[in-house]
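Residue numbers (the numbering used here): 238 to 560.
Ideal placement from N, C-alpha and C gives every residue a C-beta, glycine not left out.
Source: prediction; values computed, not measured.
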């Protein structure tokens with residue numbers, strides 16, 4: 238039995254039914270010529286979402302991505318250092334002393350998975366620093382994702398791959414030159430490293446890596462070129478936080494701050510979140526709240542799946558891919 242057949246037979250009510258509805262809505266949006274933004278919060282790359290997301294990119298089911306700096310870099314960390322990762326199923330039982338032991342071994346824990354600093358983070362730092370310095374010395378500036386595309390497409394890392402490269406969503410995105418919005422990139426391991434290299438003088442111009450305001454300007458231009466009444470852009474949000482809040486605001490910015498009246502609202506909205514509805518929470522806000530901010534319309538297809546994205550997202554993608 239295909240995954241889609243199994244899901245449609247068994248997932249009939251509550252969050253399970255919301256999953257089916259959201260996936261069907263995603264397919265309908267793409268089938269009528271719409272484009273889709275996928276946003277990645279948390280540590281979805283370390284959860285190896287690339288296994289399913291890369292295929293979505295290959296089959297043109299995703300046209301633009303917004304992600305945290307962590308998700309951007311951690312897909313590449315996994316690509317080159319997978320064999321050195323350690324999984325700790327009993328992470329809830331670790332004592333402070335055991336956590337410190339991981340620190341001393343340079344194993345940075347993300348829930349049940351430890352990222353090896355030397356094999357992953359420092360290896361990528363050495364390669365990307367060359368690109369940062371080259372751009373800096375030439376007086377050029379690029380977005381964070383563009384620097385990653387340079388090192389991935391250069392072939393410099395090919396011999397270091399430790400997973401099947403078809404399971405790297407960032408590598409697939411690089412091949413298609415997909416735009417990737419990375420708000421708050423400074424809040425990432427490589428962002429911290431970049432700051433260190435600016436402080437130490439290796440990089441002279443702090444703006445060699447472009448920042449958030451430039452990203453919003455870039456997104457505004459992209460959105461106006463790609464969103465039409467006949468072909469709107471959908472918004473598939475995995476988790477919450479800045480990865481979701483930053484890009485969705487481009488529409489009210491264009492309407493309210495630039496006074497543009499010919500820009501369509503987001504044409505589809507779905508959020509997968511385990512953040513329950515609560516006072517003042519953005520991640521836990523119901524989609525209708527976004528109507529009041531000028532992000533979604535009364536008739537925009539809206540879905541919320543209150544569950545674990547590591548479980549739900551690959552299933553939604555399976556339906557969209559007709560697997």
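Under the DSSP assignment, residue 437 falls outside any beta strand (DSSP E), being part of the alpha helix (DSSP H) whose first and last residues are 426 to 437. Comparing alpha carbon positions, the residue from 538, 468, 487 and 413 closest to residue 255 is 538.
Between residue 435 and residue 442, the alpha-carbon positions lie close to 7 Å from each other. The alpha helix (DSSP H) runs of length 4 or more contained entirely in the stretch 310 to 356 are, from start to end of the chain, 333 to 341. Rounded to the nearest whole angstrom, the C-alpha separation of residue 519 and residue 525 is 12 Å. When secondary structure is reduced to three states using DSSP, residue 510 falls in the strand class. A straight line joining the alpha-carbon of residue 467 with that of residue 283 spans about 36 Å.
For the pair residue 374 and residue 494, the Cα-to-Cα distance works out to about 36 Å. Where residue 277 is concerned, the enclosing beta strand (DSSP E) starts and stops at 272 to 277. Out of 504, 311 and 542, the CA that lies nearest to the CA of residue 528 is found in 504. Setting aside the 5 residues that flank it on each side, residue 239 has no residue in the same chain whose C-beta is closer than 6 Å to its C-beta. The stretch 360 to 373 and the stretch 242 to 253 do not touch, with fewer than 3 CB-CB distances between them shorter than 8 Å. Note on geometry: alpha-carbon atoms of residue 387 and residue 480 lie some 23 Å from one another. The beta carbon of residue 404 sits closer than 8 Å to those of 285, 287, 288 and 291, all from its chain and outside the five residues before and after it, given in chain order. Judged by DSSP secondary structure, residue 549 falls outside any beta strand (DSSP E) and instead within the alpha helix (DSSP H) spanning 546 to 557.
Restricted to the stretch 360 to 415, not a single beta strand (DSSP E) segment is unbroken, complete and at least 3 residues in length.
Under the Cβ criterion (8 Å, minimum of three pairs), the stretch 303 to 310 counts as touching the stretch 270 to 282. A check of alpha carbon separations from residue 558 across 398, 296 and 242 identifies 296 as the nearest. Distances from the alpha-carbon of residue 545 to those of 511, 358 and 534 put 511 closest.
DSSP lists 276 and 508 as the bridge partner or partners of residue 474.
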